[in-house]
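Take a look at the structure set out below.
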Amino acid sequence: MLVNYRRSAGFASIFALVVGLFLIQNTLVVAVGQRRREIGILRALGATRRQIRTLFLLEGGCVGLAGSLAGVILGAGLSGLAARYVAKSLEALYGIAGQPARGVEPLVVAGAIAAGVASSVLAAVSPATAAARADPVRALQKGRYEMVPLEERRTRRLLAWAAISMAALLLAGGPRAGSW
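Have a look at this one:
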């Protein structure tokens, strides 16, 4: 039973991390789109592609750090509530009196924050690269939208089909009714 719980919690954690990656990537894609003019101005004033890319990677890292800190605080609070609930349930059902563990291990907190920041920076790579590749002349033109390059559209389509295929496989091979 505990093995199934750990497995489920692990899958839920990975799923939450992947969803977070997509949210951060989409947020930065929108930020790049909204700041096209500013990117064009920076490039026209002499900013290098590397500087523009670094700017958006740092923004992704800051978003990841803020989200990780909020997640650690909320996670610690919610896990404490869940531990107290389970301890009371065990005492009421089985007469087992126990005190739930208090506190969170610093190594776990550091690992969670590091994973959050690293995954956020990873999610920021594609939008940061797109921002760095922006043509300053086109970015400064009013009313024009930058088209997504064919290569990027193909990559997105391939990733979408891979995700759909993985989801279908997981659903087909998932637990059946009564197998728990």
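For the sequence shown, our numbering assigns the number 198 to the initial residue and increments by one for each residue that follows.
Backbone N, C-alpha and C define an ideal beta-carbon position, used for all residues, glycine too.
All of these numbers come straight from a predicted model, not from anything done at the bench.
Around the beta carbon of glycine 261, a 10 Å sphere encloses 16 or more other beta carbons of the protein chains shown; the residue is thus reported as buried. A straight line joining the alpha-carbon of alanine 209 with that of glutamate 235 spans about 39 angstroms. Rounded to whole angstroms, the Cβ separation of alanine 331 and glycine 237 is 7 angstroms, and the two are in contact under 8 angstroms. Assignment of isoleucine 293 by DSSP, reduced to helix, strand and coil, places it in the coil class. Straight through space, the alpha carbons of tyrosine 282 and alanine 289 are spaced by roughly 10 angstroms.
Taking a C-beta distance under 7 angstroms as the contact criterion, valine 301 and alanine 273 qualify as a contact pair. Inter-residue distance for valine 318 and isoleucine 293 is about 45 angstroms (C-alpha atoms, whole angstroms).
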